[in-house]
Amino acid sequence: MSDSNTFDAATARMFNRRPGGSRHFAYEDATGAVCLWCHSKLARGGVAISASAVDWLATAQGERFIRLTNPKGDLDIVLPLDQVPLGPVREGDFGTYYIVDPKDLRGPDFGTVGEDAPF
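Each residue of the sequence shown is one higher than the one before, starting from 251 at the first, in my numbering.
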């Protein structure tokens, strides 16, 4: 098991084409970390993730990550599983899924900048 908090894409190989029966792909790097790649083309730039794939990933050994990509939203990010802001559970034609909204991936906006601002 790895103690890394990053996924090494340079050493990754695909080992599961349909984890949890989903349409996603799963990769494993040289340290044993697992990354679920979720590619989506939702118009607002978000990513749909199969709930069965998330359940599958939650039981995987080692460090666990999700890669979220959407060319319409210019999104390509890899996050540890516990840092992915899964939205509410939804039902669709392909089963239960989550939507990750790109606005939930950024930090909070700065407040008003005044004389007390540290920079």
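All C-beta atoms, glycine included, are put in the ideal place defined by N, C-alpha and C.
Minimum C-alpha distance to Pro338 - residue among Ala308, Thr281, Tyr348 and Phe344: A check of alpha carbon separations from Pro338 across Ala308, Thr281, Tyr348 and Phe344 identifies Tyr348 as the nearest.
For Thr346: DSSP bridge partner residues: Its beta-bridge partners are Glu341.
DSSP-derived helix/strand/coil call for Val328: It is a strand residue.
Within the segment 278-326, ranges of the beta strand (DSSP E) (whole runs, at least 3 residues): Within the segment 278-326, the beta strand (DSSP E) runs of at least 3 residues that lie entirely inside it are, in chain order, 284-289, 297-300 and 314-320.
Minimum C-alpha distance to Gly270 - residue among Leu286, Leu336, Thr261 and Arg356: Ranking Leu286, Leu336, Thr261 and Arg356 by Cα distance to Gly270 puts Leu286 first.
As assigned by DSSP and simplified to three states, the class of Ala260: The answer is helix: DSSP assigns Ala260 an H, G or I state.
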